[in-house]
Amino acid sequence: MIEILTPDELDRARKTGALVGTILHTLKNRTRIGTNLLEIDRWARAMILDAGAVSCYVDYAPSFGRGPFGHYICTAVNDAVLHGLPHDYMLADGDLLTLDLAVTLDGISADAAISFIVGEARPPASVALVETTERALAAGIAAAGPGARTGDVAHAIGTVLSGAGYPINLEFGGHGIGSTMHQDPHISNDGRPGRGFTLRPGLLLALEPWVMEDTDRLITDPDGWTLRSATGARTAHTEHTVAITEHGAEILTLPPKN
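So this is what it looks like as structure tokens:
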């Protein structure tokens with residue numbers, strides 16, 4: 001299903017996106033050495049419910065997971081990159097943490113993810129991973145406008161990732177979003193320009209470049225959810241929900257300006 005939102009629905013999408021951006025920004029600022037992943041999940045739950053929103057994850061039970069997910073946020077550490085199931089783990093200095101959050105407010109969903117390093121340590125390879133996914137996301141957003149094709153966006157993302165020397169996994173990528181979290185069209189993290197669905201105003205997309213340092217192969221934890229690099233190498237994942245408008249792609253999940 002591909003949804004094209006009305007102007008009223010786009011206004012609601014902006015509110016949902018602002019909530020997601022605010023929650024992720026708040027969680028990042030609260031996270032310290034010694035913070036437990038389950039504590040982050042509790043913080044996310046409180047903020048979602050206080051806002052009158054609904055988690056897209058708690059009851060999420062796709063074919064590839066061992067559902068329902070049962071938590072309010074994905075927390076992936078170091079070699080974990082996607083669908084990180086919160087568990088009893090206290091963050092250490094230098095851990096690379098990814099927070100991935102999707103909520104629905106007033107019938108419209110938004111989805112975003114941030115990767116950052118905990119504490120004072122700044123391993124150069126980890127910094128490069130995060131910065132590369134951020135640059136790839138910016139390139140994908142710049143390529144997303146009315147009349148562009150999904151392949152144009154995928155190619156822009158993949159050019160940055162491969163140009164930095166990272167292998168690219170095409171199993172999971174960006175997606176349409178609207179009244180539900182996952183919709184068509186699929187946006188791979190690499191592709192051929194000029195191919196795929198033509199973008200039009202009113203379309204929402206969740207674009208999410210992610211990489212693993214030295215492999216394109218994933219393995220699944222015994223929890224049935226958490227996806228890790230097959231080699232144990234570190235990973236990073238950055239995501240925004242954007243709205244296609246007459247003038248380009250509007251980012252909906254930015255952190256608050258203040």
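Using our numbering, the first residue of the sequence shown is number 1, and each one after it goes up by one.
Ideal Cβ positions, reconstructed from N, Cα and C, are used throughout, including at glycine.
Model, not experiment: these values are computed from the prediction.
DSSP state of residue 8 mapped onto helix, strand, coil | Within the sequence shown, residue 8 is the residue found at index 8, counting from 1. Residue state, collapsed to three classes: helix.
**Prompt:** Any idea what DSSP makes of residue 167, helix, strand or coil?
**Reply:** Numbered from its first residue, the sequence shown carries residue 167 at position 167. Looking at residue 167 - three-state DSSP - the assignment turns out to be coil, as it is neither helix nor strand.
Original post:
Of all the options 60, 37, 109 and 153, which has the alpha carbon lying nearest to the alpha carbon of residue 174?
Top reply: Numbered from its first residue, the sequence shown carries residue 174 at position 174. Taking only the C-alpha atoms, the option nearest residue 174 is 153.
**Asked** Taking DSSP as the reference, what is the three-state secondary structure of residue 50?
**Response** The residue you call residue 50 lines up with position 50 of the sequence shown. DSSP places residue 50 in helix when its eight states are reduced to three.
- Tell me, please, which residues DSSP counts as bridged to residue 77. Here residue 77 refers to the residue found at position 77 when the sequence shown is read from its first residue. DSSP lists 97 as partners of residue 77.
Subject >> CA nearest to the CA of residue 166, picked from 177, 189 and 184 >> reply: The residue given as residue 166 occupies position 166 in the sequence shown. Checked all of 177, 189 and 184; the closest Cα to residue 166 is 189.
- Exposed or buried, what is residue 127 when buried is set at 16 or more other beta-carbons lying within 10 Å of its beta-carbon? Here residue 127 refers to the residue found at position 127 when the sequence shown is read from its first residue. The residue in question, residue 127, is exposed, as its Cβ has fewer than 16 Cβ neighbours within 10 Å.
Residues near residue 5 in its chain [Cβ-Cβ closer than 8 Å; skip 5 each side]: The residue labelled residue 5 in the question sits at position 5 within the sequence shown. Cβ within range, chain order: 13, 108, 178, 202, 203, 204 and 243.
Run through DSSP, which three-state label would residue 41 get?
Locating residue 41 in the sequence shown gives position 41, counting from the first residue. Residue state, collapsed to three classes: helix.
Exercise. Leaving out five residues on either side along the sequence, give the residues of the same chain with a beta carbon under 8 Å from the beta carbon of residue 151.
Key: Within the sequence shown, numbered from 1, the residue matching residue 151 stands at position 151. The residues are 191, 192, 193, 194, 195 and 196.
Exercise for review: Quick one: using the 10 Å Cβ neighbour count with 16 as the cut-off for buried, is residue 47 buried or exposed?
Suggested key: The residue labelled residue 47 in the question sits at position 47 within the sequence shown. Buried, because 16 or more other Cβ atoms sit within 10 Å of the Cβ of residue 47.
* To do: Starting from residue 137, follow the alpha helix (DSSP H) in both directions and report where the run begins and ends.
  => As a working mapping, residue 137 is identified with position 137 in the sequence shown. Run containing residue 137: 124-143, per the alpha helix (DSSP H) assignment.
- Is residue 97 closer than 8 Å to residue 115 when the C-beta atoms are compared? By 1-based counting over the sequence shown, the position of residue 115 is 115. By 1-based counting over the sequence shown, the position of residue 97 is 97. Closer than 8 Å, so yes.
Exercise. Do residue 6 and the ligand NAD come close, with the Cβ less than 7 Å from some heavy atom?
Worked result: You won't find the ligand NAD in this model; it holds no ligand whatsoever.
Query raised in the report: What span of residues does the beta strand (DSSP E) with residue 219 cover, start to end?
Result: For this step, residue 219 is matched to residue 219 along the sequence shown. Taken as a continuous stretch (DSSP letters only), the beta strand (DSSP E) holding residue 219 covers 218-220.
With burial defined as no fewer than 16 other Cβ atoms inside 10 Å of the residue's Cβ, what is the status of residue 101: buried or exposed? Along the sequence shown, one-based indexing puts residue 101 at 101. It is buried - the Cβ of residue 101 has at least 16 other Cβ atoms within 10 Å.
What are the partner residues of residue 199, as DSSP defines its beta bridges?
By 1-based counting over the sequence shown, the position of residue 199 is 199. None, per the DSSP bridge assignment.
query: Cα-Cα, which of 137, 140 and 117 is closest to residue 234?
result: What you label residue 234 is simply residue 234 of the sequence shown in a count that begins at 1. Answer by Cα proximity: 117.
Determine the burial state of residue 169: buried for a count of at least 16 other Cβ atoms within 10 Å of its Cβ, exposed for fewer. For the purposes of this step, residue 169 is taken as the residue at position 169 of the sequence shown. Classification of residue 169: buried, given that the 10 Å Cβ count is 16 or more.
For this session: Using beta-carbon positions only, say whether residue 56 and residue 130 come within less than 8 Å of one another.
Result: As a first step, residue 56 must be located in the sequence shown, where it is residue number 56. As a first step, residue 130 must be located in the sequence shown, where it is residue number 130. Against a cut-off of 8 Å, the Cβ pair of residue 130 and residue 56 comes out as no contact.
message = Count Cβ pairs between the segment 31-42 and the segment 156-163 that sit closer than 8 Å; are there 3 or more?
response = no
>> Quick check on residue 171: buried or exposed, where buried means 16 or more other Cβ atoms within 10 Å of its Cβ?
In response: Your numbering for residue 171 matches position 171 in the sequence shown. The residue is exposed, with fewer than 16 neighbouring Cβ atoms inside 10 Å.
- Find out if the Cβ-Cβ distance for the pair residue 226, residue 112 is shorter than 8 Å. The sequence position of residue 226 within the sequence shown is 226, counting from 1. The sequence position of residue 112 within the sequence shown is 112, counting from 1. Their beta carbons are not under 8 Å apart, which means residue 226 does not touch residue 112 by this criterion.
query: Run through DSSP, which three-state label would residue 36 get?
result: Position 36 of the sequence shown, counted from the first residue, corresponds to residue 36. The answer is strand: DSSP assigns residue 36 an E or B state.
ask   = CB residue 44 to CB residue 89, shorter than 8 Å?
value = Within the sequence shown, numbered from 1, the residue matching residue 44 stands at position 44. Within the sequence shown, numbered from 1, the residue matching residue 89 stands at position 89. Going by C-beta atoms, residue 44 is not nearer than 8 Å to residue 89.
Exercise. For residue 30, which of helix, strand or coil comes out of DSSP?
Worked result: To locate residue 30, count along the sequence shown from 1; it is residue 30. Residue 30: helix per DSSP, three-state reduction.
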